[in-house]
Amino acid sequence: MSNFVLVHGGWRGGWIWKRVAQLLRKDGHDVYTPTLTGLADRSHILHAGINLSTHIQDIVNLIKFEELDDFVLCGHSYGGMVISGVADQMSERISSLVYLDAWFPQNGDSIMTLTPETYRLMHLKDVGQYGGVALPPIPAAILHVNEQDRAWVDSMTTLQPFGSMTEAIRLQGNHLQIKKKIFTLASAWEPNPFRQFYERLQRDPAWLTRTIESGHDAMLDKPGEVANLLREAAAV
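Quick note on numbering: the sequence shown equals residues 5 to 240 in our numbering.
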């Protein structure tokens, strides 16, 4: 049996992974779906000092105190920033790295430098409503979440700490030494800012690339396919 650490994206929490986690646990796997500081069930501790480093440390500490080795680390959307930082620090403990419709940063990138101008300008406008501390959620419809789940997702999303969007990531490149790396594109929504990474990594023999025909929150639209992707990542 395998261990999985699944890192959610912006404005979400560990709750987003429930359907996928249930499928993997039925197989007997151990699945960890932590919520990052300041979000969802931890939204009551939102404050101005939370940044990308905070969220990287959240997952580093989970791995340390759960004594995890030889596990699959998966990040969705903003979670791609987080797992990149975690894997750069702990590459020797991670068997597979999975980016699910996620940011794939280079050293010095931040969400705000990677984000297309339309979204960047929207974020800069919106953050003023919350004193520069946090950003309100992007509506589920814009991310092409399936219609049945949209109202529920909008009711569950919470403010995103703005520092997590502006801090530049520092990478040494250790994360790229992990043997098994998969980038998966959710192909049924546009404009998809993650397509650029998918197309680049398709040309890199060190990577596997996959597609899932879904909106951005593939773990909601196609939980079975996401579970199969993670099973593939865990296979020797």
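Glycine is no exception: its CB is placed at the ideal position from the N, C-alpha and C atoms. This structure is a prediction, so every number in the text was calculated from the model and none was measured.
query: Neighbour-count burial assignment, Ser6, 16 or more Cβ in a 10 Å radius; result: buried
query: Where His80 sits in the DSSP three-state scheme; result: strand
query: Unbroken alpha helix (DSSP H) run spanning Ser168, endpoints; result: 167-170
query: Contacting residues, own chain, Cβ-Cβ under 7 Å from Gln255 (five flanking each side not counted); result: Summary: the structure shown does not reach residue 255, with the chain confined to residues 5 through 240, and so no result is reported for it.
query: Given Val86 as reference, the closest of Ala138, His179, Asp225 once Cα atoms are compared; result: His179
query: For Asn55, the first and last residue of its enclosing alpha helix (DSSP H); result: Where Asn55 is concerned, there is no enclosing alpha helix (DSSP H), given that its DSSP letter is neither H nor E.
query: Simplified DSSP assignment, three categories, for Val149; result: coil
query: Buried or exposed (CB count within 10 angstroms, at least 16 for buried), Asn55; result: buried
query: Leu10 vs Trp21 beta-carbon contact at 7 Å; result: yes
query: Coil, strand or helix - Thr117 by DSSP; result: helix
query: Beta-ladder partner(s) of Ile186, from DSSP; result: Val102, Leu212
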